[in-house]
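**Student:** Counting from 1, one number per residue, gives the positions in the sequence shown under my numbering. Every residue, glycine too, gets a C-beta built ideally from N, C-alpha and C. Being a predicted model, the structure only gives us computed values, none of them experimental.
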Amino acid sequence: VAFWTRKEAYIKAEGGGMSIPLDQFEVSLQQRAPVRLTSGEGEPNKECSWSLQELYPGPGYAAAVCVEGHGWELTARILF
Numbered sequence: 001v002a003f004w005t006r007k008e009a010y011i012k013a014e015g016g017g018m019s020i021p022l023d024q025f026e027v028s029l030q031q032r033a034p035v036r037l038t039s040g041e042g043e044p045n046k047e048c049s050w051s052l053q054e055l056y057p058g059p060g061y062a063a064a065v066c067v068e069g070h071g072w073e074l075t076a077r078i079l080f
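1. Sort out for me which residues DSSP pairs P34 with in a bridge.
2. By a C-beta neighbour count over all protein chains shown, 10 Å radius and 16 as the cutoff for buried, is K12 buried or exposed?
3. Short check: CB of E68 to CB of W50, under 7 angstroms?
4. Looking at the secondary structure, which residues open and close the beta strand (DSSP E) in which A9 lies?
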C-alpha cells in the first residue's frame, strides 16, 4: 500500500492524473527520496525534482506527500 500511495501522490502532484503511465517513473520507500524517471521499459533514466514523504495518519490508513524540490521537512500537528 505504501508503494502505491507514493505513486499516487506523485501523479496527483504532477497534475496529470492517470494519464501519466505508471512505468514512466519509480518511487522509493525511503523518506524524502527523489522520484526517478524511467525510460518506459523500467530502466532508470534520471532523477526528477520531486521528492516524497510518507505520513502516518493512523492504524489502517496510508498517506504520502509529494513536493517539488529537495531538502524540505514536513511538520504535522494533531489538533484537538
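**Tutor:** In brief:
1. P34 is bridged to S51.
2. Its Cβ having fewer than 16 others within 10 Å, K12 is exposed.
3. In contact: E68 and W50 (Cβ atoms closer than 7 angstroms).
4. Looking at the DSSP string, A9 is not in any beta strand (DSSP E); the run it does join, the alpha helix (DSSP H), is A2 to E14.
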